[in-house]
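**Student:** Quick one: structure below, then a few questions.
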Amino acid sequence: MAKKIILASSSPRRKLLLEQWGVPFEIMPCSLGEENINFPGEPGIKVEKLALMKALDVAQRTENSLILGADTIVVLDGLILGKPVNDEDAYSMLGKLSGKCHEVLTGVAMVDSEKGIFKTGHEKTKVYFREISDKEIREYIYTGEPKDKAGAYAIQGKGALFVEKIDGSYTNVVGLPYELVQSMLKEFGIII
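Under the working numbering, the first residue of the sequence shown carries the number 947, and numbering increases by one thereafter.
Have a look at this one:
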């Protein structure tokens, strides 16, 4: 029997990307709260570990499945920006990003729940923001879009208006890097 693919996330952006790529999958969000899995480390290694922890959490509850876990962060001058906890936090994040280049890192992990083997990796994309006025930041926060996004913006939404250019994978900035996911699925015998 072929392995079913399970996305260990409730992210509507990751769900949409997998649907657009034609990947058949089910959703089973991990039970770990992100506030409980914060630890120090180099950002690339950190997002890989977080993605793996999420995938392993779901793998414990499934059989004969390939679990896909992911975690995305924004890094500005060594400072890691996760999801804002409130509007003031979003305002602070966007103010820091204004007029600067930052990196978006997404860690990806795939776990074969039957064989107990896994693969991890991460993608890094540079994003250049134009200067954003105080009024623009406040109006953007009012839309509610920043609430559940690393760095408090959505490049696939109104947040795109702040972006001058990107260097790297667009889908990585959205939350799931196509090239990395495609390569990892191929290693597990799944071609998309």
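Here a beta-carbon is modelled for each residue, glycine too, at the ideal position from N, C-alpha and C.
1. Measuring only the C-alpha atoms, how far is Glu994 from Phe1134?
2. With 16 other CB atoms within 10 Å as the buried threshold, where does Thr1117 fall?
3. Beta carbon of Gly1041, beta carbon of Ala997: below 8 Å?
4. Apart from the five residues on each side of it in sequence, which residues of its chain come closer than 7 Å, Cβ to Cβ, to Phe971?
5. Give the secondary structure of Ile1078 by DSSP, where H, G and I count as helix, E and B as strand, and everything else as coil.
6. I need the DSSP call for Phe1064, collapsed to helix, strand or coil.
7. So, under 8 Å CB-CB, Ser1011 and Lys949 are touching, yes? Tell me the CB distance rounded to an integer number of Å.
8. Apart from the five residues on each side of it in sequence, which residues of its chain come closer than 6 Å, Cβ to Cβ, to Met947?
9. Comparing C-alpha positions only, which one of Val1120, Trp967, Gln1102 and Ile1013 sits nearest to Lys1061?
10. Tell me whether Gly968, by its Cβ, gets closer than 7 Å to a heavy atom of the ligand SAM.
11. The beta strand (DSSP E) that contains Thr1052, what's its start and end?
12. Please name the residue in Val969, Glu1009 and Leu978 whose C-alpha comes closest to that of Asp1058.
**Tutor:** Checking against the coordinates, here is how it stands:
1. Here residue 994 is taken as the residue at index 48 of the sequence shown, counted from 1. Here residue 1134 is taken as the residue at index 188 of the sequence shown, counted from 1. Those two C-alpha atoms are separated by around 18 Å.
2. Counted from its first residue, the sequence shown places residue 1117 at position 171. The residue in question, Thr1117, is buried, as its Cβ has 16 or more Cβ neighbours within 10 Å.
3. As a position in the sequence shown, residue 1041 is number 95, starting the count at 1. As a position in the sequence shown, residue 997 is number 51, starting the count at 1. The answer is no: Cβ separation not under 8 Å.
4. Within the sequence shown, numbered from 1, the residue matching residue 971 stands at position 25. If we look at Phe971 and ignore the five residues flanking it on each side, its Cβ neighbours are Ile951, Ile952, Leu953 and Leu964.
5. By one-based count along the sequence shown, residue 1078 stands at place 132. Residue state, collapsed to three classes: coil.
6. Position 118 of the sequence shown, counting from 1, holds the residue named residue 1064. Strand, per DSSP.
7. What you label residue 1011 is simply residue 65 of the sequence shown in a count that begins at 1. What you label residue 949 is simply residue 3 of the sequence shown in a count that begins at 1. Yes, they are in contact, since the Cβ atoms of Ser1011 and Lys949 sit about 6 Å apart, within 8 Å.
8. Working through the sequence shown from its first residue, we reach residue 947 at position 1. Annotation note: pLDDT 49 at Met947 (below 50); position unreliable, coordinate value reported separately. Same-chain partners within the cutoff: there are none.
9. Your numbering for residue 1061 matches position 115 in the sequence shown. Considering only alpha carbons, the answer is Ile1013.
10. Summarising the ligand content, the structure contains no ligands, and the ligand SAM is consequently not present.
11. Residue numbering aside, residue 1052 sits at position 106 when the sequence shown is read from its first letter. Where Thr1052 is concerned, the enclosing beta strand (DSSP E) stretches over Cys1047 to Asp1058.
12. Position 112 of the sequence shown holds residue 1058. Checked all of Val969, Glu1009 and Leu978; the closest Cα to Asp1058 is Glu1009.
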